[in-house]
Every structure is written in structure tokens, then in C-alpha cells.
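Here the structure is laid out as C-alpha cells; the discussion comes afterwards.
Have a look at this one:
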């Protein structure tokens, strides 16, 4: 599963048009949106991640660590427009041939990229916080995305 996650991360790093926006927060939340979209469409997550509703929204430290440990990903620390620090993730070289995504997985990740690429950080965070798993859960709880997708779809039908 780690290989699938790394391929998703590398694909996002390669395909996302605004490289200077790919902070740890945005990258992690894009993975969350990818899992959420998959849960909605296919009744399963793309990763086996247990998402936690952290005080900064859905977050998992493992992804940042995995990216930092990968020799093909470079992590640089820069400052936000508010003067705080942020970590940016960049592919250190062209790894196009080594990124393997199934057509279904590529479709979902492309959807997430397309839906988020023109959103500034504030708009992006609003989108993430407006997803059903976040608005229907308590902070500091785990988010069962498949169960939340089932609940959400059941509400749409009734």
C-alpha cells in the first residue's frame, strides 16, 4: 500500500500545475480528498489510511514522513505569505516512467487536482472542511470514509 501512496504523492507532485502550493498540508489534504472521492464512487478508499480529524482537519503525519524519506522527493522549507514556515514538496527529477497509477486511480487523482488547482489555500481548506466526513464528525476522532460515504449517499436518497 505504501507504494500506491507514494505513486499518488509523486503523481500529484508531477501533475499539479502550481508547484509552490504543494505544502505538507495541501498534499496531505489532497490525499484525503482522493480517498474521499474513491469512497464515494467505489465504496473503498484508495489507501488504507485511518484518517484522523486533527485540529487542522483531516491529517496523517505518515505521508509527510514517507515523502521526506523518498530519494525522489525534495523537501524545502519556505515562508507563507503570513510569515510562518511551510514545507514544500517537489520531485527531485523527472520520474514520469516510474509513476504507475491504474486508470481508475488516475481518474480520481486527476479529478481532485482539477477541483482544487484554482483554489487559494483558504478556499482549498474550506472545500476540505465542507466534506461530509468533516462536518459530520467530532474533532479528534477517526474518519471512516467508507462509512461516511454510505451515510452521505443514504441522505441524498431520502
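Numbering (the working numbering), first residue to last: 80 to 237.
The beta-carbon is built from N, C-alpha and C at its ideal position, and this holds for glycine as well.
Close-in-space but distant-in-sequence residues of the same chain around residue 168 (CB under 8 Å, 5 per side omitted):
88, 92, 101, 102, 103, 106, 146, 152, 153 and 154
Helix, strand or coil for residue 155, going by three-state DSSP, please let me know.
strand
Span of the beta strand (DSSP E), counted from its first residue to its last, around residue 166
164 to 170
Quick check on the DSSP output: the beta strand (DSSP E) that includes residue 132 runs from which residue to which?
130 to 133 is the extent of the beta strand (DSSP E) around residue 132.
Tell me the residue span of the beta strand (DSSP E) that contains residue 137.
Going by DSSP, residue 137 is part of the beta strand (DSSP E) stretching over 136 to 138.
Measure the alpha-carbon distance for residue 124 versus residue 161 and round it to whole angstroms.
34 Å
Flag this pair as yes or no: are the beta carbons of residue 132 and residue 217 separated by less than 9 Å?
yes
Whether residue 109 touches residue 95 by CB criterion (9 Å):
yes
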